[in-house]
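Chains as they are written, first to last, in our numbering: chain A, 29 to 269; chain B, 74 to 638.
Report on the structure given below.
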Amino acid sequence: MIELKNLTKDYGTTLAVNNLTLDVAAGEIYGFIGPNGAGKTTTIRMMGGIIEPTDGSIIIAGIDLKKDPVAAKKIIGFVPDRPFLYEKLTGMEFLIFIADLYNVEAQYLLCRSEELLKQFALWEWADEIIEAYSHGMKQRLIIAAALLHDPKVMVIDEPMVGLDPQAVRMVKDILKGLAAQNVTIFVSTHTLSLAEDLCDRIGVIHKGTLLAQGTVAELNLAAKTGEARLEEVFLTLVREA
Amino acid sequence: MRDNVLTLLRPRLLSAGNGLRSGTQKNRWTRLILFSFIGLVFWIGAFLIFYRVLTYFQSVQDFGDVLAMKLLSMMIITFFTLLLFSSIINSLSHLYLSRDLPLLHSLPVAIKDIFFSRWLGSAFDSSWMVVAFSLPVFLSYGLVYKAGVVFYLIALCAIVCLCLMASAVSSLIVVLGAAMLPAGKIRTLFVILGVLLALLLILVLRMIRPEQLVNPDSFASVVLYLNSMQALNLPYLPTTWITDAVRLALKSEWNNSLLNLALSASCVFSLIFINGMVADAIYFRGFSRAQTTAKRLFSPVKFRGYSWEGLLNFLSRPAKAFAIKEIRSFFRDSTQWPQLFLICALIVVYLYNFSVLPLDRSPIKTVYLQNVFSFLNVGLAAFVLSAIAARFVFPAVSMEGEAFWIIQSAPVSMKTFLWIKFFLYSIPLLILSEILIVASNFLLGVTPFMMFLSVLTIFFLVPAVVALAVGLGACYPDFKSENPALSVTSFGGVLFMLLSFGLIALVIILEAGPVYKIFMARMHGYAFSWIQILWFIFSFTFALFLCVFAVLYPMRLGEINLLKR
Chain A
29 MIELKNLTKD
39 YGTTLAVNNL
49 TLDVAAGEIY
59 GFIGPNGAGK
69 TTTIRMMGGI
79 IEPTDGSIII
89 AGIDLKKDPV
99 AAKKIIGFVP
109 DRPFLYEKLT
119 GMEFLIFIAD
129 LYNVEAQYLL
139 CRSEELLKQF
149 ALWEWADEII
159 EAYSHGMKQR
169 LIIAAALLHD
179 PKVMVIDEPM
189 VGLDPQAVRM
199 VKDILKGLAA
209 QNVTIFVSTH
219 TLSLAEDLCD
229 RIGVIHKGTL
239 LAQGTVAELN
249 LAAKTGEARL
259 EEVFLTLVRE
269 A
Chain B
74 MRDNVLTLLR
84 PRLLSAGNGL
94 RSGTQKNRWT
104 RLILFSFIGL
114 VFWIGAFLIF
124 YRVLTYFQSV
134 QDFGDVLAMK
144 LLSMMIITFF
154 TLLLFSSIIN
164 SLSHLYLSRD
174 LPLLHSLPVA
184 IKDIFFSRWL
194 GSAFDSSWMV
204 VAFSLPVFLS
214 YGLVYKAGVV
224 FYLIALCAIV
234 CLCLMASAVS
244 SLIVVLGAAM
254 LPAGKIRTLF
264 VILGVLLALL
274 LILVLRMIRP
284 EQLVNPDSFA
294 SVVLYLNSMQ
304 ALNLPYLPTT
314 WITDAVRLAL
324 KSEWNNSLLN
334 LALSASCVFS
344 LIFINGMVAD
354 AIYFRGFSRA
364 QTTAKRLFSP
374 VKFRGYSWEG
384 LLNFLSRPAK
394 AFAIKEIRSF
404 FRDSTQWPQL
414 FLICALIVVY
424 LYNFSVLPLD
434 RSPIKTVYLQ
444 NVFSFLNVGL
454 AAFVLSAIAA
464 RFVFPAVSME
474 GEAFWIIQSA
484 PVSMKTFLWI
494 KFFLYSIPLL
504 ILSEILIVAS
514 NFLLGVTPFM
524 MFLSVLTIFF
534 LVPAVVALAV
544 GLGACYPDFK
554 SENPALSVTS
564 FGGVLFMLLS
574 FGLIALVIIL
584 EAGPVYKIFM
594 ARMHGYAFSW
604 IQILWFIFSF
614 TFALFLCVFA
624 VLYPMRLGEI
634 NLLKR
């Protein structure tokens with residue numbers, strides 16, 4: 029469902045992502061972990077169509093993001109790491125705006141947005157201007173907006189930042205539920221316990237290069253760490269890189 | 074205290090330095106040359122105009138000196154009014170709305186230190202331009218009155234006192250206003266200010282009544298007028314002290330001049346002292362209230378379940394979504410309001426002035442004058458349009474701010490995004506400009522040909538200017554700016570103004586020759602040669618080509634630049 033082929037991003041002074049190749053199957057949750065500045069957000073932003081790769085390609089459900097970005101974006105639900113929104117719109121107005129851009133059917137939109145707002149505990153705030161929302165509420169609203177058009181692929185950067193434990197549990201359940209419905213999820217995170225708990229496979233990136241990928245057991249094998257927890261595996265892989 | 078204030082100012086100074094160093098060396102030089110050139114042109118222009126006017130005044134027997142001093146006094150009052158309004162807006166942003174304020178208030182520094190560091194920043198931002206452009210005025214006064222070096226020193230001190238005075242009064246108004254207004258309504262100050270500014274502008278411009286200058290009957294009362302002017306100065310008004318300090322320095326009456334300067338300086342220090350006391354007592358309370366969620370000034374308007382959004386149903390879904398988002402964000406941002414009120418006031422004054430032009434009493438033939446005015450009116454309306462576009466359209470792309478990721482990740486091409494912006498701004502601006510042109514032409518009573526030509530020229534110029542603004546706004550966006558509206562003073566904004574003025578001037582020049590010939594032929598009843606007809610066709614076609622080019626090329630450049638980000 030997701031194919032990254034020789035993906036490279038060179039900012040001129042920094043090679044943020046170096047020849048990254050990976051693929052994620054339909055219904056799979058793929059965790060993307062790495063130290064700060066490893067290239068996670070750059071990769072995610074390229075997958076969301078926010079920045080252009082210097083080289084390589086991104087294929088989403090068979091659509092080349094470079095050749096047909098509009099078609100590819102229609103099936104992606106993108107959640108950035110920082111919840112910047114149109115502060116002067118209300119939560120509901122923002123969802124309608126997103127629905128219009130993604131061409132969500134008008135009748136479906138109303139019940140779907142109500143369902144999502146209730147699910148993310150934002151229903152009572154639906155008619156308040158986003159300016160008034162807390163960081164966590166904005167983050168929840170972004171996730172709700174990304175789900176509005178029933179995407180086939182979710183690309184999420186640090187989904188749990190700013191969320192309270194209740195919301196963290198809720199998001200985890202939602203992501204698992206989506207995967208069960210064959211939605212592909214590509215998630216970057218610093219929370220290793222989350223990756224361990226949630227993801228089917230995990231990729232470790234460091235200095236723009238993919239060091240290893242696989243299940244936690246496969247990563248243990250690659251790092252020669254026996255049956256250690258992901259934290260130990262991660263630290264070993266990064267230290268030895 | 075002084076150390077803390079300086080430390081608090083350091084991030085601003087360092088950021089300014091880093092900002093100057095950012096970009097490639099070529100970019101830095103281009104920016105520096107462009108800004109220096111524009112500044113110099115304005116500076117020399119202001120100097121030449123004032124020097125010419127003052128030299129002329131000197132040649133008027135008996136009244137020359139009175140007129141020059143009256144001009145000085147009027148100018149200082151104008152500077153003070155401008156400074157007052159600009160300082161109120163700046164103080165509000167610096168003291169209550171800036172993004173870095175929560176960080177500052179979390180630091181272990183006295184509230185007074187935070188207040189003064191912000192106040193100094195605000196005073197600088199609102200005053201530097203007035204100081205810079207008052208210098209050629211004082212230089213021309215100095216040269217005409219053959220004043221010595223001491224005059225320039227006194228004038229400089231006086232203008233600095235004026236700026237600090239205006240800034241101190243403004244911050245007092247803002248701090249008191251913020252403490253009094255209900256929490257969440259602090260931004261209402263912008264709206265109140267906008268209404269006040271608009272009313273004041275209409276009042277002042279109408280009180281000057283420039284149309285009287287072409288009315289010979291009014292000259293009989295000049296002596297009385299001059300007498301009343303001399304009696305206008307109020308001795309207890311701080312601006313009078315400033316004016317007197319400069320006026321007496323011009324005449325080398327040093328003792329009185331220095332006394333007035335001392336009065337002004339003591340007024341400044343007293344105001345700063347009062348500001349300190351007030352800030353200590355209530356600034357934090359106001360700041361704390363400003364952290365509350367901003368409340369909407371007006372509730373959504375619905376009529377029998379229908380809202381205004383239904384009016385946009387003719388647009389495609391993404392276009393309608395963008396249009397609604399843009400309109401809502403715009404009108405819910407109260408910082409936009411003062412400018413909106415100001416534009417409304419300017420339009421009222423603009424049209425009213427046409428209605429009172431005493432063309433029939435001027436010594437030049439009325440029909441000729443009407444049509445010359447009508448043609449000039451096209452240029453003037455286009456320049457007004459440029460200014461509006463610079464303020465509202467150029468920052469339109471930057472206004473997306475940090476939320477620009479939504480556009481980038483949405484299934485809408487960058488081209489569509491830019492063209493939607495283009496149409497969103499083109500339509501209201503086209504309607505506004507055409508109303509201005511038709512109404513002013515109607516008031517002038519121009520010929521049908523001039524009416525047709527003006528309407529057509531504006532019809533093509535508006536999209537060109539809007540596309541230039543959207544395109545260049547996309548070429549030079551600033552998504553991280555706290556106030557994208559200020560991007561008009563950036564390199565891209567200045568470039569837009571220059572190109573836009575250039576385009577309008579070119580179109581007007583291309584049309585001027587043929588229009589003159591056609592007009593004269595109509596008046597004197599002669600026919601055109603085929604060379605003239607070819608010239609007309611070439612001029613009008615080239616003007617049209619320029620407008621079309623100005624629509625397509627900047628939009629393409631903007632799209633390419635946004636895709637590269």
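Here a beta-carbon is modelled for each residue, glycine too, at the ideal position from N, C-alpha and C.
For proline 484(B), the neighbours in chain A by C-beta distance under 7 Å run, in chain order, Val98, Lys101, Lys102, Leu129, Tyr130. Under the Cβ distance rule, serine 402(B) counts among the residues neighbouring chain A, one pair being separated by less than 8 Å. For valine 470(B), DSSP records no beta bridge to any residue. Two segments are said to touch when three or more pairs of C-beta atoms, one from each, lie closer than 8 Å; by this definition the segment 581-600 of chain B does not touch the segment 499-515 of chain B. DSSP places serine 602(B) in the coil class of the three-state scheme, outside both helix and strand. Straight-line spacing of the CA atoms in isoleucine 232(B) and glycine 215(B) works out to 15 Å.
For aspartate 551(B), not one C-beta of chain A is nearer than 8 Å to its own C-beta. The three-state reading of DSSP puts glycine 254(A) in coil, since its state is none of H, G, I, E or B. The residues Met487, Ala547, in chain order, have a CB closer than 7 Å to that of leucine 635(B) in the same chain once the five nearest residues on each side in sequence are set aside.
DSSP places lysine 185(B) in the helix class (H, G or I) of the three-state scheme. Across the structure, phenylalanine 404(B) and lysine 116(A) are spaced so that their CA atoms are roughly 9 Å apart. Against chain A, a Cβ distance below 7 Å from glutamate 632(B) picks out nothing, because the smallest value is about 13 Å. Taking a C-beta cut-off of 8 Å against chain A, none of the residues of the segment 352-365 of chain B qualify. Under a criterion of Cβ atoms nearer than 7 Å, the residues of chain B adjacent to isoleucine 78(A) are, in order, Trp478, Gln481, Ser482. Chain A has a Cβ within less than 8 Å of the Cβ of aspartate 406(B). Following the DSSP letters along the chain, one finds valine 215(A) inside the beta strand (DSSP E) bounded by residues 212-216.
Annotation: the segment 109-153 of chain B contains no complete segment of the alpha helix (DSSP H) (minimum length 4 residues). Put simply, the segment 208-225 of chain B does not touch the segment 160-178 of chain B. Fewer than three CB pairs are less than 8 Å apart. A Cβ of chain B is located within less than 8 Å of the beta carbon of proline 108(A).
When Cβ-Cβ separations below 8 Å define contact, glutamate 152(A) makes no contact with chain B. It is roughly 20 Å from the alpha-carbon of threonine 264(A) to the alpha-carbon of tyrosine 58(A). Setting aside the 5 residues that flank it on each side, leucine 583(B) is surrounded in the same chain by Ser612, Phe615, Ala616, each with a C-beta closer than 7 Å to its C-beta; the list follows chain order. Residue-level contact check: tyrosine 114(A) touches chain B, since one or more beta carbons of chain B fall below 8 Å from its beta carbon. For the pair isoleucine 61(A) and methionine 202(B), the Cα-to-Cα distance works out to about 51 Å.
When DSSP states are grouped into helix, strand and coil, glutamate 186(A) belongs to the coil group. Within 10 angstroms of the beta-carbon of glutamine 481(B) lie 16 or more other beta-carbons, which makes it buried.
In this structure, valine 199(A) places its C-beta atom within 8 Å of the C-beta atom of leucine 191(A). With distances taken between CA atoms, isoleucine 72(A) lies nearest to Thr36(A) out of Glu56(A), Thr36(A), Val98(A). Between methionine 238(B) and proline 311(B) a beta carbon distance of about 6 Å is seen, short of the 8 Å cut, so the two are scored as contacting.
Between the C-alpha atoms of leucine 571(B) and arginine 104(B) there is a straight-line separation of about 13 Å.
Residues of chain A with a Cβ closer than 7 Å to the Cβ of alanine 394(B) are, in chain order, Phe125, Asp128, Leu129. Around arginine 595(B), the same chain offers Thr520, Phe522 as residues with beta carbons nearer than 8 Å, after the five sequence neighbours per side are excluded. From the beta-carbon of glutamate 121(A), the residues of chain B found nearer than 7 Å are Arg401.
Methionine 524(B) and asparagine 450(B) have their C-alpha atoms some 11 Å from each other.
For serine 199(B), the closest of Ile633(B), Tyr225(B), Ile162(B), Phe496(B) by C-alpha to C-alpha distance is Ile162(B).
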